[in-house]
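With our numbering applied, the sequence shown corresponds to residues 919 to 1416, in that order. In this text, a Cβ means the ideal position worked out from N, Cα and C, and glycines have one as well.
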Amino acid sequence: MSILLTARAAQFAQRTAIIAPEGIFSYQDLLEASERVASFLLRGAKDLNQRPVAFLAPPGWHYVALQWGIWRAGGIATPLSLFHPRPELEYVVDDTHPAVIVGHPDYIDPLRSIAEERNIRFGVTTEALDYPAGNLPVIDPERRAMILYTSGTTGKPKGVVTTHNNIAAQITSLVEAWDWTADDHILNILPLHHVHGIVNVIACALWVGAKCEISPKFDAGEVWNRISRGDLTLFMAVPTVYAKLIDSWEKASPKDRSRMSGGCHKMRLMVSGSAALPVSTLERWKEISGHVLLERYGMTEIGMAISNSLYGERFPGCVGAPLPGVEIALTDESGGLVERGAPGEIVVRGPNVFMDYWGKPEETKKTFRDGWFLTGDVAVEENGIYRILGRSSVDIIKTGGYKVSALEIEETLLTHPDIKEVAVVGIPDPMWGEKVCAAVVMRPGAALDADGLRTWGKERLATYKVPKDSIALEELPRNAMGKVSKPTLKKIIESKHG
Ligand code: MLC
Ligand code: AMP
């Protein structure tokens, strides 16, 4: 309800909404700032009429004021990633054709030139925040609210469009399941171009009138310092963050350890998601913090769908039961329900499910069957509790909570002048969950320079997509059909790394 979200804020007017590097801001401050941003975007027009507005700002006050401002002007909030080099930013801009691009003063380059080259209006967040407030449109919550880019099995990322009502359904389901209240105080350390940070943390907090403290970037030492102060009630992160926090705790002195663990004891809930939580991480975290991490399952297209319970038993290695308002089924390839206890694809139905992929009606159609969204994730269910077994495609990799497409990375690496053939796979890794690795066949006379390839890759792809390890092979393993055998390749890479 994004727009319904802003409508709720008046009731919390004097309460603290955002604690960020830029300062401490109340709900009233947020309403006033977003009104100025909306007026800046409108520049006298009545309504942005569901035109996308692309924006790039570090997690913090400018980000939230801008997001709300776009919603209040009738636009579609399209957050760009701080970790995307120019070609990836250009891809999103060319895919969405935004009415305006807005950048934080620290991120003007290369945004301004991307906008100028395309004749798109460009603005700086500071200008928008200083603009005189004017009249704003009334927004129907059935309208499009947000586009988030997600990798798929078909190469380039797709823009997932959610309406104000979709976002409201995603928020209210979590508010109910996890008992959010205005007394909550959460720390966000997640990036704000994905649903985990945007909906589960910031939007849920602002829905109930809670305090949302926003770090511009994850830093394990700083998170521990913040937790140690003992005034946070909630924390949500991906498994890699917990792995990094565990590492940092192990390195601390006994005195600091007890301070860190003490801060955790004061919290009411710690949540993990976006990738499988290893049971070993869950167990170590319990020893350190006293919390059994609540693991839940979600996806950009649906928000959160399945969750362990807040008060009842939490099942290690499982993601729990369907969230309020979300319907789940497990189906076979022809769409029939699988037998009880048998593996099946998770399919999802409910008001939380997205509207469409931006500008891709055919791809949208392919991901729905009889009104159910097909996730591509495989699970089993026993006694109402779901366990994720994996994904139906080897070409989707989850690294540190980011979903990346092996095909997209392969397409980019193939443009390297020395590379003749390439295949990308995800290799299990204790820190990252999966690590992106590439096998390349070099052109005659060329030798693989793995570090050089990483530097080259970072100019074209987000750093988290760039292979952490690359190996050169004489030829790629292929099956009888001539198709690269990724399971065989994974074994070859794993054996090379011992
Ligand atoms: C950073 N690096 C990564 C990476 N993150 N490499 C692979 N995978 C990642 N996820 C790179 C850096 O660029 C750097 O490269 C090197 O690894 C070391 O970085 P770091 O400083 O150790 O990383 P850090 O900044 O600590 O980031 C780790 C992280 C971050 C886990 C905090 O990746 C993160 O915020 N992940 C969360 C993503 C997320 O929100 N996903 C939710 C999607 S929504 P170099 O070469 O410069 O050294 C979703 C639905 C749902 O999934 O269910 O929630
Ligand atoms: P994204 O497209 O970035 O939103 O990522 C969604 C994907 O993350 C899902 O389709 C799952 O594959 C994965 N995922 C999310 N939560 C979990 C979880 N708790 N366990 C395993 N996989 C998860």
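Which residue marks the beginning of the alpha helix (DSSP H) containing GLY987, and which one marks its end? Taking the first residue of the sequence shown as position 1, residue 987 is located at position 69. Its alpha helix (DSSP H) spans residues 979 to 990.
What number of angstroms, rounded off, separates the C-alpha of ALA1297 from the C-alpha of GLY1308? Numbered from its first residue, the sequence shown carries residue 1297 at position 379. Numbered from its first residue, the sequence shown carries residue 1308 at position 390. Between ALA1297 and GLY1308, the C-alpha separation is close to 7 Å.
I need the DSSP call for MET919, collapsed to helix, strand or coil. For the purposes of this step, residue 919 is identified with residue 1 of the sequence shown, where counting begins at 1. The pLDDT assigned to MET919 is 38, lower than 50, so where the model puts this residue is not dependable; a value taken from the coordinates is nonetheless given after this. The answer is coil: DSSP assigns MET919 none of H, G, I, E or B.
Taking DSSP as the reference, what is the three-state secondary structure of LEU1007? One-based indexing of the sequence shown puts residue 1007 at position 89. Three-state result, LEU1007: helix.
Taking 7 Å as the cut-off, is the beta-carbon of TYR1215 closer than that to any non-hydrogen atom of the ligand MLC? Residue mapping note: residue 1215 aligns to position 297 of the sequence shown, counting from 1. Indeed, a heavy atom of the ligand MLC lies less than 7 Å from the Cβ.
Within the present structure, is the beta-carbon of HIS1183 separated from the nearest heavy atom of the ligand AMP by less than 7 Å? Sequence index remark: in the sequence shown, residue 1183 carries index 265 (1-based). No, the Cβ of HIS1183 stays beyond 7 Å of every heavy atom of the ligand AMP.
Taking buried to mean at least 16 other C-beta atoms within 10 Å of its own C-beta, is ALA1260 buried or exposed? Numbered from 1 along the sequence shown, position 342 holds the residue referred to as residue 1260. Exposed, by the Cβ-count rule.
Could you give the residue range of the alpha helix (DSSP H) that holds VAL1197? Taking the sequence shown and counting its residues from 1, the one referred to as residue 1197 is at position 279. Segment 1197 to 1207, the alpha helix (DSSP H) holding VAL1197.
Does ASN1083 come out as helix, strand or coil in the three-state DSSP assignment? Along the sequence shown, read from residue 1 onward, the residue named residue 1083 stands at position 165. Of the three classes helix, strand and coil, the one that applies to ASN1083 here is helix, per DSSP.
Quick check on TYR871: does DSSP put it in helix, strand or coil? Past the boundaries of the shown model lies residue 871; the chain is included only from 919 to 1416, so the question cannot be answered.
Heavy atom of the ligand AMP within 7 Å of ILE1306 beta-carbon: Working through the sequence shown from its first residue, we reach residue 1306 at position 388. Yes; taking the cut-off as 7 Å, the Cβ of ILE1306 has a heavy atom of the ligand AMP nearer than that.
Applying the criterion that 16 or more other CB atoms from any shown protein chain within 10 Å of the CB defines a buried residue, is MET919 buried or exposed? Locating residue 919 in the sequence shown gives position 1, where the first residue counts as 1. With a pLDDT of 38 at MET919, under the threshold of 50, the modelled position of this residue cannot be trusted; read the value that follows with caution. With 16 or more Cβ atoms within 10 Å of its Cβ, MET919 is classed as buried.
Report the rounded CA-to-CA distance for LEU1066 versus ILE1132, giving the unit in angstroms. Against the sequence shown, residue 1066 aligns to sequence position 148. Against the sequence shown, residue 1132 aligns to sequence position 214. The alpha-carbon atoms of LEU1066 and ILE1132 are separated by roughly 20 Å.
Within a Cβ cutoff of 6 Å, which residues of the same chain sit near ASN1226, ignoring the five residues on either side of it in sequence? Position 308 of the sequence shown, counted from the first residue, corresponds to residue 1226. Excluding residues within five positions, the ones whose Cβ falls inside 6 Å are LEU1212, GLU1213, ARG1232, GLY1238.
With distance defined between alpha-carbon atoms, name the residue in ILE1303, PHE1286, LEU1331, TRP1203 nearest to ILE1164. Start at 1 with the first residue of the sequence shown, and residue 1164 comes out as number 246. Taking only the C-alpha atoms, the option nearest ILE1164 is TRP1203.
Return yes when the Cβ of GLY987 is within less than 8 Å of the Cβ of ALA1046, no when it is not. Here residue 1046 refers to the residue found at position 128 when the sequence shown is read from its first residue. Here residue 987 refers to the residue found at position 69 when the sequence shown is read from its first residue. For ALA1046 and GLY987, yes; Cβs fall inside 8 Å.
By Cβ distance, which residues of its chain are closer than 6 Å to CYS1236, with the 5 residues on each side in sequence left out? Sequence index remark: in the sequence shown, residue 1236 carries index 318 (1-based). These residues qualify, in order along the chain: ILE1303, ARG1305.
Opening and closing residue of the beta strand (DSSP E) in which ASP1430 lies: In this structure the chain extends from 919 to 1416, so residue 1430 is not present and cannot be described.
7 Å Cβ shell around ARG1061 - same chain, five flanking residues per side excluded: Mapped onto the sequence shown, residue 1061 falls at position 143. Once the five neighbours on either side are set aside, the close Cβ partners of ARG1061 are GLN968, THR1081, HIS1082.
Compute the minimum distance between the beta carbon of VAL1265 and the heavy atoms of the ligand MLC, and state whether it is under 7 Å. Looking up residue 1265 in the sequence shown gives position 347. Checking every heavy atom of the ligand MLC against the Cβ of VAL1265, none is found closer than 7 Å.
Can you tell me whether GLN929 is helix, strand or coil according to DSSP? In the sequence shown, residue 929 corresponds to position 11, counting from 1. Of the three classes helix, strand and coil, the one that applies to GLN929 here is helix, per DSSP.
Own chain, CB closer than 6 Å to ARG1030, minus 5 neighbours either side, in chain order: Counting from one through the sequence shown, the residue named residue 1030 turns up at place 112. Excluding positions up to five away in sequence, the list reads PHE1040.
Return yes when at least one heavy atom of the ligand AMP lies under 7 Å from the C-beta of LYS1321, else no. Along the sequence shown, one-based indexing puts residue 1321 at 403. Yes, since a heavy atom of the ligand AMP falls inside the 7 Å radius drawn around the Cβ of LYS1321.
Whole-angstrom distance between TYR1320 and GLY1243, CA atom to CA atom: Your numbering for residue 1243 matches position 325 in the sequence shown. Your numbering for residue 1320 matches position 402 in the sequence shown. Near 26 Å, if we compare the C-alpha coordinates of TYR1320 and GLY1243.
Three-state class that DSSP yields for ASN1053 in the structure shown: To locate residue 1053, count along the sequence shown from 1; it is residue 135. It is coil, neither helix nor strand.
Using the Cα positions of VAL1159 and LEU1379, report the straight-line distance between them to the nearest angstrom. What you label residue 1159 is simply residue 241 of the sequence shown in a count that begins at 1. What you label residue 1379 is simply residue 461 of the sequence shown in a count that begins at 1. About 22 Å.
Residue range of the alpha helix (DSSP H) that includes GLY1370: Residue mapping note: residue 1370 aligns to position 452 of the sequence shown, counting from 1. Looking at the DSSP string, the run of the alpha helix (DSSP H) that includes GLY1370 is 1368 to 1376.
Through-space distance from VAL1156 to GLY1191, alpha-carbon basis: The sequence position of residue 1191 within the sequence shown is 273, counting from 1. The sequence position of residue 1156 within the sequence shown is 238, counting from 1. Those two C-alpha atoms are separated by around 5 Å.
Per DSSP, LEU1066 is paired with what? To locate residue 1066, count along the sequence shown from 1; it is residue 148. For LEU1066, which the question treats as bridged, DSSP gives the partners VAL1078.
For LEU1110, is the beta carbon positioned less than 7 Å from some heavy atom of the ligand AMP? Within the sequence shown, residue 1110 is the residue found at index 192, counting from 1. No.
Nearest by alpha-carbon distance to PRO977: which of ARG1267, GLU940, ALA1017, TYR1275 is it? Indexing the sequence shown from 1 puts residue 977 at position 59. Closest option to PRO977, Cα to Cα, is GLU940.
Can you give me the C-alpha to C-alpha distance between ASN1301 and LEU1200, rounded to a whole angstrom? Working through the sequence shown from its first residue, we reach residue 1301 at position 383. Working through the sequence shown from its first residue, we reach residue 1200 at position 282. If I take the Cα positions, the gap works out to 22 Å.
Is the beta carbon of LYS1278 less than 8 Å from the beta carbon of LYS1076? Counting from 1 along the sequence shown, the entry for residue 1278 is found at position 360. Counting from 1 along the sequence shown, the entry for residue 1076 is found at position 158. Contact: yes.
For LEU1379, report the span of its beta strand (DSSP E) as first-last. For this step, residue 1379 is matched to residue 461 along the sequence shown. Element bounds for LEU1379: n/a, residue is neither H nor E.
Less than 8 Å between the CB atoms is what I'm expecting for ASP1313 and LEU1325, so what's the real figure, rounded? The residue you call residue 1313 lines up with position 395 of the sequence shown. The residue you call residue 1325 lines up with position 407 of the sequence shown. That belief holds up - the Cβ atoms of ASP1313 and LEU1325 are roughly 5 Å apart, short of 8 Å.
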